[in-house]
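Student: In our numbering, the protein residues as written are 1 to 194.
Right under this line is the structure:
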């Protein structure tokens with residue numbers, strides 16, 4: 001399996017990813033998120049450790065091509081990882097999960113915005129971005145079909161922040177429940193108008 005890329009590949013900071021030029025290629029592949037500090041409620045003790053950090057989440061870009069004839073995604077590692085650092089919870093599962101787990105600590109709250117169908121941390125996205133810049137680093141493996149190694153990696157490692165393909169993980173239900181409670185609360189609050 002890709003020679004355990006998380007053991008040897010360079011680990012990039014937010015500055016490495018967001019800088020011009022970015023150190024992350026605009027190619028398809030798998031990415032792994034290392035954390036200096038685990039979010040509240042997450043026990044990182046069984047997760048892979050490297051340089052004092054824990055690997056807690058793995059993702060891919062692009063996702064597998066749709067089987068319904070629609071065109072494949074145009075995402076790549078650079079676009080996706082930049083979005084995880086700078087986007088919002090509506091477009092990033094990682095940001096949604098982190099924000100829900102960190103909400104009490106960071107003083108942020110998931111809210112409905114715009115038409116009310118989108119959920120983000122609104123002004124709290126900046127606070128989450130700052131937390132990630134300090135605590136979240138990423139490594140990559142270029143792969144033309146990243147959806148193939150992704151499932152094997154998730155099945156092999158203890159990745160408590162992954163939900164999909166991760167039913168064997170003992171922390172998965174806690175993460176799912178925390179996200180569900182955060183979303184339910186957001187749906188009961190007034191829509192934020194910008």
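In this text, a Cβ means the ideal position worked out from N, Cα and C, and glycines have one as well.
Bear in mind that the values here come from a model prediction, so they are computed numbers and not experimental data.
Kindly identify the DSSP beta-bridge partner or partners of residue 53.
Tutor: Answer is 50.
Student: Between 82, 148, 45, 113, which has its C-alpha nearest residue 65's C-alpha?
Tutor: The shortest C-alpha separation from residue 65 is found at 148.
Student: Could you have a look at residue 161 and say whether DSSP puts it in helix, strand or coil?
Tutor: Three-state result, residue 161: coil.
Student: Tell me which residue opens and which closes the beta strand (DSSP E) that residue 34 is part of.
Tutor: 29-35 is the extent of the beta strand (DSSP E) around residue 34.
Student: Give every residue of the same chain whose Cβ lies closer than 7 Å to the Cβ of residue 174, excluding the five residues on either side of it in the sequence, and list them in chain order.
Tutor: These residues qualify, in order along the chain: 41.
Student: Please name the residue, chosen from 193, 31, 157, 5, that lies closest to residue 113 on a Cα-to-Cα basis.
Tutor: Nearest of 193, 31, 157, 5 to residue 113, Cα basis: 193.
Student: Run through DSSP, which three-state label would residue 112 get?
Tutor: If DSSP states are grouped into helix, strand and coil, residue 112 belongs with the strands.
Student: Near residue 125, what residues of its chain come up, given a Cβ to Cβ distance below 6 Å and the 5 sequence neighbours on each side ignored?
Tutor: Correct list, in chain order: 88.
Student: Between which residues of its own chain and residue 38 is the CB-CB distance below 7 Å, once the five residues before and five after are set aside?
Tutor: So the list reads 44, 54, 56, once near-sequence residues are dropped.
Student: Can you tell which of 105, 115, 159 has its C-alpha closest to the C-alpha of residue 187?
Tutor: Out of 105, 115, 159, 115 has the C-alpha closest to the C-alpha of residue 187.
Student: Going residue by residue through the stretch 86-145, where are the continuous alpha helix (DSSP H) segments of at least 4 residues, counting only ones entirely within it?
Tutor: With a minimum length of 4 residues, the continuous alpha helix (DSSP H) runs that stay inside the stretch 86-145 are 93-106, 124-135.
Student: Give the range of the alpha helix (DSSP H) segment to which residue 193 is assigned.
Tutor: From DSSP, residue 193 is part of no alpha helix (DSSP H); its letter is neither H nor E.
Student: Compute the Euclidean distance between the alpha carbons of residue 70 and residue 62, then round it to the nearest angstrom.
Tutor: Distance between the alpha carbons of residue 70 and residue 62 is about 14 Å.
Student: Taking all protein chains shown into account, decide if residue 171 is buried (16 or more other Cβ within 10 angstroms of its Cβ) or exposed.
Tutor: Per the 10 Å Cβ criterion, buried.
Student: Could you pull out every residue in the same chain whose Cβ sits closer than 8 Å to the Cβ of residue 101, ignoring the five residues on either side in sequence?
Tutor: Closer than 8 Å at the Cβ level, and outside the excluded window around residue 101, lie 39, 40, 41, 42, 175, 178.
Student: Can you give me the C-alpha to C-alpha distance between residue 16 and residue 130, rounded to a whole angstrom?
Tutor: Taking the straight line from one Cα to the other gives about 15 Å.
Student: According to DSSP, is residue 67 helix, strand or coil?
Tutor: Here residue 67 sits in coil by DSSP.
Student: State the Cα-Cα distance for the pair residue 110 and residue 135, rounded to the nearest angstrom.
Tutor: Near 20 Å, if we compare the C-alpha coordinates of residue 135 and residue 110.
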